Amino acid sequence: MAKARPDELVFVPLGGVGEIGMNMAAYGFGPPHARKWIVVDCGVTFGGPNTPGVELVLPDPAFLEENADDILGLVLTHSHEDHYGAVLDLWPAFDRPVYATAFTMAMLSAKRASEGIVEDVVLRQMWVGKPFTLGPFTIEAINVAHSIPESCALLITTPAGRVVHTGDWKLDPHPVGSPPTDIDRFAAIGSDTSGPVALICDSTNALKDGSSPSEDEVAATLEALIAEASHRVAITTFASNVGRVISVARAAHKAGRRVVMSGRAMHRISGIARELGLMEGIEPFLDQDAYKELPRSKVVLLCTGSQGEARAAIARIAREEHPEIALNAGDRVIFSSWAIPGNEREVIDIQNMLIDRGVEVVTQANALVHTTGHPRREELKRLYDLVRPAVLVPVHGEAAHLEAHATLGRQHGIETVVHARNGDMVRLFPEPTLFPGEVRTGELYLDGNILCTPEESGVKGRRRLSFGGHVVVSLCVNSGGQVVAGPEMTMEGLPDVEDDDDSLRDVVRRAITGTLKSIPPKRRSDPELVNTALQRAIRGEVAAYWGRKPNVTVFVHRI
Numbered sequence: 004m005a006k007a008r009p010d011e012l013v014f015v016p017l018g019g020v021g022e023i024g025m026n027m028a029a030y031g032f033g034p035p036h037a038r039k040w041i042v043v044d045c046g047v048t049f050g051g052p053n054t055p056g057v058e059l060v061l062p063d064p065a066f067l068e069e070n071a072d073d074i075l076g077l078v079l080t081h082s083h084e085d086h087y088g089a090v091l092d093l094w095p096a097f098d099r100p101v102y103a104t105a106f107t108m109a110m111l112s113a114k115r116a117s118e119g120i121v122e123d124v125v126l127r128q129m130w131v132g133k134p135f136t137l138g139p140f141t142i143e144a145i146n147v148a149h150s151i152p153e154s155c156a157l158l159i160t161t162p163a164g165r166v167v168h169t170g171d172w173k174l175d176p177h178p179v180g181s182p183p184t185d186i187d188r189f190a191a192i193g194s195d196t197s198g199p200v201a202l203i204c205d206s207t208n209a210l211k212d213g214s215s216p217s218e219d220e221v222a223a224t225l226e227a228l229i230a231e232a233s234h235r236v237a238i239t240t241f242a243s244n245v246g247r248v249i250s251v252a253r254a255a256h257k258a259g260r261r262v263v264m265s266g267r268a269m270h271r272i273s274g275i276a277r278e279l280g281l282m283e284g285i286e287p288f289l290d291q292d293a294y295k296e297l298p299r300s301k302v303v304l305l306c307t308g309s310q311g312e313a314r315a316a317i318a319r320i321a322r323e324e325h326p327e328i329a330l331n332a333g334d335r336v337i338f339s340s341w342a343i344p345g346n347e348r349e350v351i352d353i354q355n356m357l358i359d360r361g362v363e364v365v366t367q368a369n370a371l372v373h374t375t376g377h378p379r380r381e382e383l384k385r386l387y388d389l390v391r392p393a394v395l396v397p398v399h400g401e402a403a404h405l406e407a408h409a410t411l412g413r414q415h416g417i418e419t420v421v422h423a424r425n426g427d428m429v430r431l432f433p434e435p436t437l438f439p440g441e442v443r444t445g446e447l448y449l450d451g452n453i454l455c456t457p458e459e460s461g462v463k464g465r466r467r468l469s470f471g472g473h474v475v476v477s478l479c480v481n482s483g484g485q486v487v488a489g490p491e492m493t494m495e496g497l498p499d500v501e502d503d504d505d506s507l508r509d510v511v512r513r514a515i516t517g518t519l520k521s522i523p524p525k526r527r528s529d530p531e532l533v534n535t536a537l538q539r540a541i542r543g544e545v546a547a548y549w550g551r552k553p554n555v556t557v558f559v560h561r562i
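Be aware that the sequence shown starts at 4, since it is given in our numbering, and climbs by one per residue.
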């Protein structure tokens, strides 16, 4: 008689392991043929130059769809887009509850309302320090310091073993507006010998030595910069960084200035924070229509656009297109943020526009006006000492971050360090084992209002168009092979430069005329033959002249 397989605890990263953003992971418990699953986080990343027209990239939930009947729920660590931004697009199909803190629940509800999303999810509140049960999983939220309120690590307990899933965190002894990381709880987990612990841990800053600066150090810098300014001060930061907003408000009050807020995201998130009692003692902010009424020395403008978004407040101000707000020479703008990779050029362009007008621009390059929400190497080692994991799985990072984290863990004496990537299955307990490429993973694109696979999106065609432009030719031939209408030609995205002898338009015309003349009349009545010949000739002649092959579409109509 075959021996029954023991219950296993497995970890499957579906996004965020091998990349920054798009975080989603599944934990399974039970024998391989009958596991129950919970999902942790459901985030997005942002489209870039290689995905023209695509705003958001989401993790492909195919593996979860295959196991939908055994999924018990989704647990969110916090409400940054890379951890919760895909919930309203992906999760309604599963019809399972979403567990989150009060702030994250409110953020989801506000997101649904602001974006006009019809689909909804069942929200259930979780509280820090109060475990709840989903099937064989007991889950406890543990407070961690990060750059958004109510960020949580998760202690996931099963009969096979325990997991600390850190989410995004840092060991900030003095965060602003929220409690520090619960070091005592992590120490208690490490001291508990009832079962082994696996640490699934943030790797974002694993390449950086030391410890991350505290949020109160940034607050002190902002206070000094506001106090010493002669004229207006404008500050742009992440709208979700409520602690930073509180620091600005306190500094403004101390300097005898009023805070004017501009940007829908700023208003929405600060409103949620006030409703939940996270901004007690902070004077109400003024709306942007009060800006013109305040003396230059009595205002602090808090606005959106720290990532260079073209429609955000600071970009419109820089372009002198904002209906209510203007900045003048001698004013000061503080970028209390850093650019997410891919946004650098847009941010620099805004800064340059401001500098050209005599506005002083302060960034992290010349003052401590921003700090990370993620742990550096000394903080990682401190967590290892607290939790005492038997297994370490680095997550939340690109390959360089994950490898640096893995090396650090091994050097610190962690018994088993697993090098996982999206789509791998990691058996955590018993007998930690990596099964590479075990499950299907991938990406979905949110393209306008359409959610589609990369293959369905047409992005490859857009990239080709952006590189080679497009030539469209249309003509009509009759049964005798005579051209009775056209050819008509349109060119988009090709250089329109004339030299002494020729233009690219002339080259295309000659390619069309020469090709049609070269085809015997009887064969010109074959639309497919004419189409193929014209495409080949136009691409070849343009490539010889320009050095690039355009996209060519030919319509041959037989009448």
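Ideal Cβ positions, reconstructed from N, Cα and C, are used throughout, including at glycine. All values reported here derive from a predicted model rather than from experimental measurement.
Residue i to residue j span [Cα, whole Å]
| i | j | result |
| --- | --- | --- |
| Gly445 | Ala28 | 13 Å |
| Val124 | Thr456 | 23 Å |
| Ala144 | Arg335 | 41 Å |
| Ala329 | Leu297 | 12 Å |
| Thr104 | Trp130 | 6 Å |
| Leu158 | Thr436 | 21 Å |
| Glu406 | Lys257 | 45 Å |
| Arg561 | Lys525 | 13 Å |
| Arg165 | Ala201 | 6 Å |
| Ser181 | Leu497 | 55 Å |
| Val236 | Gly280 | 27 Å |
| Leu447 | Gly345 | 19 Å |
| Asn554 | Arg466 | 11 Å |
| Gly483 | Glu22 | 60 Å |
| Val486 | Asp509 | 19 Å |
| Leu2 | Gly472 | Outside the shown range of the chain, which is 4 to 562, sits residue 2, and nothing can be said about it. |
| Glu434 | Ser460 | 42 Å |
| Arg247 | Val43 | 27 Å |
| Arg314 | His325 | 10 Å |
| Phe14 | Gly464 | 37 Å |
| Val302 | Val57 | 38 Å |
| Gly416 | Arg379 | 18 Å |
| Leu137 | Leu75 | 6 Å |
| Cys155 | Leu79 | 8 Å |
Presumed contact (8 Å Cβ cut-off) between residue i and residue j, rounded CB distance
| i | j | result |
| --- | --- | --- |
| Phe135 | Ile41 | The Cβ separation is near 11 Å, so there is no contact. |
| Ser82 | Ile142 | So it is not a contact: roughly 18 Å between Cβ atoms. |
| Ala89 | Val47 | 5 Å |
| Tyr548 | Leu519 | About 19 Å; that fails the 8 Å criterion. |
| Leu357 | Val364 | 5 Å |
Sequence-distant residues of the same chain with beta carbon closer than 6 Å to residue i, five excluded per side
| i | result |
| --- | --- |
| Gly33 | Asp10 and Lys39 |
| Phe66 | Val442 and Arg443 |
| Arg127 | Pro100 and Tyr102 |
| Arg413 | Val420 |
| Thr556 | Val475 |
| Ala222 | Val179 and Ser250 |
| His408 | Ser206, Ala209 and Pro397 |
Classification of residue i by the beta-carbon crowding that lies within 10 angstroms, buried from 16 upward
| i | result |
| --- | --- |
| Thr54 | buried |
| Asn481 | exposed |
| Trp341 | buried |
| Ala5 | Legend: pLDDT at Ala5 = 47, less than 50; position of this residue unreliable, value from coordinates given subsequently. Answer is exposed; the Cβ neighbour count stays below 16. |
| Glu382 | buried |
| Ala227 | exposed |
| Val625 | This structure leaves residue 625 out entirely; the chain is present only between 4 and 562. |
| Asp427 | buried |
| Ala37 | exposed |
| Asp92 | buried |
| Glu323 | exposed |
| Ala71 | exposed |
| Val559 | buried |
| Thr107 | buried |
| Asp187 | exposed |
Close Cβ partners of residue i (< 8 Å) along its chain, the five nearest in sequence each way excluded
| i | result |
| --- | --- |
| Glu327 | Ser265, Gln291, Asp292, Tyr294 and Lys295 |
| Glu312 | Ala318 and Glu349 |
| Pro176 | Pro183 and Ser217 |
| Ile353 | Gly308, Gly311, Ile317, Ala318 and Ala321 |
| Asp63 | Leu17, Arg443, Thr444, Gly445, Glu446, Leu447 and Thr456 |
| Phe470 | Arg551 |
Sequence-distant residues of its chain with Cβ nearer than 7 Å to residue i (five each side left out)
| i | result |
| --- | --- |
| Asn244 | Ser150 and Ile151 |
| Ala268 | Ala242 and Thr307 |
Problem set entry | Residue ranges of each beta strand (DSSP E) within the segment 284-325, 3 or longer | For the segment 284-325, whole beta strand (DSSP E) runs of length 3 or above, ordered along the chain, are 302-306.
Exercise. At which residue ranges does the segment 443-486 contain complete beta strand (DSSP E) runs of 3 or more residues, listed in the order of the chain?
Worked result: Entirely contained in the segment 443-486, the beta strand (DSSP E) runs reaching 3 residues are, in chain order, 446-450, 453-455 and 473-480.
Exercise. Taking only runs of the beta strand (DSSP E) that begin and end inside the segment 214-258, which ones reach a length of at least 3 residues, in chain order?
Worked result: Counting only runs that start and end inside the segment 214-258, the beta strand (DSSP E) elements of at least 3 residues fall at 236-239.
For this session: Can you check the segment 78-138 for any beta strand (DSSP E) of at least 3 residues that lies completely inside it and give the ranges in chain order?
Result: Runs of beta strand (DSSP E) with 3 or more residues, each lying fully within the segment 78-138, are found at 101-103, 126-128 and 135-137, listed in chain order.
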